[in-house]
Every structure is written in structure tokens, then in C-alpha cells.
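Student:
Numbering (my numbering), first residue to last: -17 to 242.
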């Protein structure tokens, strides 16, 4: 009888261990730690981080999006860091901050029925938002976006010209309430913060949005537009574009190209 009971107890223990392992599986960890698994997905994930060098809660969010990019080789993950300007009054002016980016976050607050603005905040595919350091929920949202089937609604090409990049785009989508959002993205930067909540810290940034252009589009519309480079001598750029519904903010597709 004791042998039988021991066998039953061992079997129960094994079942519990397997169940616990299955329960602890996290799509976030799978996306972040196993980038190859997502390569065959047909979907996409546009990850917009709203952050500021003046916010002491923001560095962990900056580190998280850097981790996601570093540990993923999936070209269908598009990370954009928008530095807002409403922290500038706290004693440190974020050199990447722009009131246009704060206004973009306010638009998301309307679309997502939020009562207030906050940093750090991440919005995925224009449809869901999270605290910017919440690795588990953000990872799951990225995994969900990659798992969705998505049509190729946007193509982008670009050429350098003096202090600007000239862009040729084509949109193939039938919705009338859409617009093309084009972002000039600086791939990396380092700031030494000398005042405010992050005084004394060196902050590393990736995928910093330095210019933004919104273009109304129609089906099979092909046009030329330009984005100007800032005058600070930075290098390492790409352009990310995505088609977004103006009614609710949902993103229908995205594309990118390297500038240099």
C-alpha cells in the first residue's frame, strides 16, 4: 500500500510540476528571449514609447525597449521613442523633447479613453497601452501583434539629399479615414543628465523620434515627401512609417528603411 501511495504521490507531483511550468510560460519572455521564433509571423508590432529624461521612472522603460530590440531580429517589430516635453519644467530640459510628441500622446489618451497623461507609457499597434516598464504585458501585446495576419499595406523607399531624406511611399488600403505617419528615427544616443529627477545619470536611448510627418492617404496613393535632419550632427538613422486610422488610432501596417 505504501508503495502504491508513493507512486500516486510522485505522479501527482509530476503533474503539478508540469502544470506549473505550463502556467509560468510567458509570451513576453518568448518574444524577448527567442527572437527567431517570431520571424515567420505575418503580423507586426508598432511599439511607441512615451518617455522623458526628466522622469525618474522612465530609464527602466528605455532599457526594456532596448532589450526588446537587442534580443529580437524580427523586422516586423517597430520601436519608436517619443520624448515628451511636459517634464521640462522639473529642472532638466530633454533635448529630444517636442510638444508635437506630447500632443501625439494626448491624442492616444482620447483614443484609449484615458483620464490623464503619464510616463513611461507604451502603446502597441495604436490599440492598447501599458506602463512602459511592464515587460510581461508589453511582451504579450507584441506577441499578439506578430501572431495576427496582416496585409502589406505600405511600401517605402528613400534617398539622401543634403540635409534631408526624400521618401517615396505607396499605400494600398481602402479605408478613407487613414493617414500615413512618417518618423525620422535616430537609432541611438547617450545623455548625461545634470539636473532634475535623473541628475547625475547617463541615460542611453534607442529609436529616438526626431521628426514626424502626417500625410492623408487614399488607396494606391503614391507620393514623394521629405523629412529634414536636425542640425546636431547625429548619425545612424532610419525612417519608420505606418498607416493609422484617424478614428481610433489603430495601426493597419508599417514599413521601414535605413537611411545611413
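Even glycine gets a Cβ: it sits at the ideal position worked out from N, Cα and C.
So which of 50, 40 and 61 has the shortest CA-CA distance to residue 167?
Tutor: 61
Student: What first and last residue would you give for the alpha helix (DSSP H) that runs through residue 123?
Tutor: 117 to 129
Student: Can you give the Cα-Cα distance for residue 97 and residue 56, rounded to whole angstroms?
Tutor: 34 Å
Student: Tell me where the beta strand (DSSP E) around residue 148 begins and ends.
Tutor: 146 to 153
Student: Report yes if the C-beta distance between residue 253 and residue 221 is below 7 Å; otherwise report no.
Tutor: Because the chain in this structure spans residues -17 to 242, residue 253 falls outside the shown range and cannot be described.
Student: Starting from the C-beta of residue 46, find all residues in its chain whose C-beta is less than 8 Å away, skip the five residues before and the five after it, and write them out in chain order.
Tutor: 114, 115, 117 and 120
Student: Since residue 185 and residue 81 should fall inside the 8 Å C-beta cutoff, what is the C-beta to C-beta distance between them, to a whole number of angstroms?
Tutor: With 8 Å as the limit, residue 185 and residue 81 do not qualify as a contact, their Cβ atoms being about 21 Å apart.
Student: Based on the DSSP output, what are the partners of residue 271 in its beta bridges?
Tutor: Lying before the first or after the last residue shown, residue 271 is absent from the chain, which here runs from -17 to 242.
Student: One question on the structure: do residue 29 and residue 106 come within less than 7 Å of each other, judged by their Cβ atoms?
Tutor: yes
Student: Based on the DSSP secondary-structure assignment, which residues constitute the bridge partners of residue 220?
Tutor: 167 and 240
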